[in-house]
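Chemist:
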Amino acid sequence: MCTLEIIMYFPHVKTRHGKDPLLNKRLLLFFLTNAGLLHIYTPKKRFHMNQNIALNCIRSKKDPSFKICTYPLKRDIFISDSLVTKGVWEDFSLLARAMHRAVIAIEPINESFIHLEESVARSNFLDDILFLMDERTAVIMGQNTRNQRGVPIIKEANHSVIDRNSLTSVTMDDLLTLLLAKVVIVKMDIEGYECRALRTSKEFFRHVKVRYFFMELFTVFILDVLQNMVNLGFCPYSQSTGEQLDISNCWSWKTNAIIWVPQGSPELF
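So for the sequence shown, the UniProt record's numbering puts the first residue at 1; every next one is plus one.
(1) Are the beta-carbon atoms of Met229 and Trp260 separated by less than 8 Å?
(2) In terms of alpha-carbon separation, which member of Ser201, Val210, Lys187 lies closest to Ile258?
(3) Please report the Cβ distance between Phe204 and Leu226, rounded to the nearest whole angstrom; I am assuming they are in contact, meaning their Cβ atoms lie under 8 Å.
(4) Taking only three categories from DSSP, how would you classify Ala96?
(5) To the nearest angstrom, how far is the alpha carbon of Tyr9 from that of Phe125?
(6) Could you check if His100 is buried or exposed, using at least 16 other CB atoms within 10 Å of its CB as the buried criterion?
(7) Cα separation between Ile222 and Phe92?
(8) Drop a sphere of 10 angstroms on the beta-carbon of residue 289, count the other beta-carbons inside from all chains shown, and report buried for 16 or more, exposed for fewer.
(9) Within a Cβ cutoff of 8 Å, which residues of the same chain sit near Asn256, ignoring the five residues on either side of it in sequence?
(10) Using the beta-carbon count (16 or more within 10 Å), is Arg97 buried or exposed?
(11) In chain order, what residues of the same chain have a beta carbon less than 6 Å from the beta carbon of Cys69, not counting five sequence neighbours either side?
(12) Which residues does DSSP list as the beta-bridge partners of Met229?
Written out as structure tokens, the structure is:
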């Protein structure tokens, strides 16, 4: 069960006529509702266009630069604070799009979706949002009043009850219908439910070449995730140092920020 985000990056794909088929859909953004996957955005219509939204949006200090909308700092003590004070955070969907890569961004939290949608609009990108689990079912999202990177799933929803906070999940294999390229980089940050998303990912990994898989690994699920990723042919590395991690001694790892790399790939650094 995945809750926060998965972002996939695709290199340019050129046709034999030299035209880029991703020209009008470089950043796909989908919003998950209690009715399932909702295609939100087209160049002519934005989902939240008619809402009265006043967001603080800044220009990043990355190269290339892009616009990104932040939360009030007291509500987001990590990501927004870093963006406002330093102009930087992790290098994912908006930066990848600014570098002319095709991106699929997946976001189940309505307020975070609004921030992302506005960031995309102000950066003159195009977009569309999702939610992952090991089955298609209803889930309910919780809240985190100080840290927007740590919004939890509080429970699986009762199918007989309609809840305005409930969402219908999808699986990793469902994403195959959205892919426009066969070589991708994946970023998954889903508050401990990576293991369940990986349970229905065999077709995804069979049809797509994943160069790098960024993941925050929670100790309670470490053995489940390790087994899945090793069976898929990946080796773990530290995101901060690029050092390969010893699977047989996983309980002594000094980091939970992992890059999974296919076995036999060149060294990271």
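Ideal Cβ positions, reconstructed from N, Cα and C, are used throughout, including at glycine.
All figures in this text were calculated on a predicted structure; none of them were measured in a lab.
Modeler: This is what the structure gives:
(1) By 1-based counting over the sequence shown, the position of residue 229 is 229. By 1-based counting over the sequence shown, the position of residue 260 is 260. The answer is yes: Cβ separation under 8 Å.
(2) Within the sequence shown, residue 258 is the residue found at index 258, counting from 1. Per the Cα distances, Lys187.
(3) Walking along the sequence shown from the start, residue 204 turns up at place 204. Walking along the sequence shown from the start, residue 226 turns up at place 226. Not a contact, Cβ separation roughly 18 Å.
(4) In the sequence shown, residue 96 corresponds to position 96, counting from 1. Of the three classes helix, strand and coil, the one that applies to Ala96 here is helix, per DSSP.
(5) Within the sequence shown, numbered from 1, the residue matching residue 9 stands at position 9. Within the sequence shown, numbered from 1, the residue matching residue 125 stands at position 125. Confidence at Tyr9 is low in this model, with a pLDDT of 42, below 50, so the placement of that residue should be treated as unreliable; the coordinate-derived value is given next. In a straight line, the C-alpha of Tyr9 is about 15 Å away from that of Phe125.
(6) One-based indexing of the sequence shown puts residue 100 at position 100. Flag for His100 reads exposed.
(7) The residue given as residue 222 occupies position 222 in the sequence shown. The residue given as residue 92 occupies position 92 in the sequence shown. Near 24 Å, if we compare the C-alpha coordinates of Phe92 and Ile222.
(8) Outside the shown range of the chain (1 to 269) lies residue 289, about which nothing can therefore be said.
(9) Numbered from 1 along the sequence shown, position 256 holds the residue referred to as residue 256. Within the same chain, Asn256 has close Cβ partners Glu216, Leu217, Phe218, Thr219.
(10) In the sequence shown, counting from the first residue as 1, residue 97 sits at position 97. Under this definition Arg97 is a buried residue.
(11) For this step, residue 69 is matched to residue 69 along the sequence shown. The residues are Leu55, Cys57, His115, Glu118, Ser119.
(12) Here residue 229 is taken as the residue at index 229 of the sequence shown, counted from 1. For Met229, which the question treats as bridged, DSSP gives no partner whatsoever.
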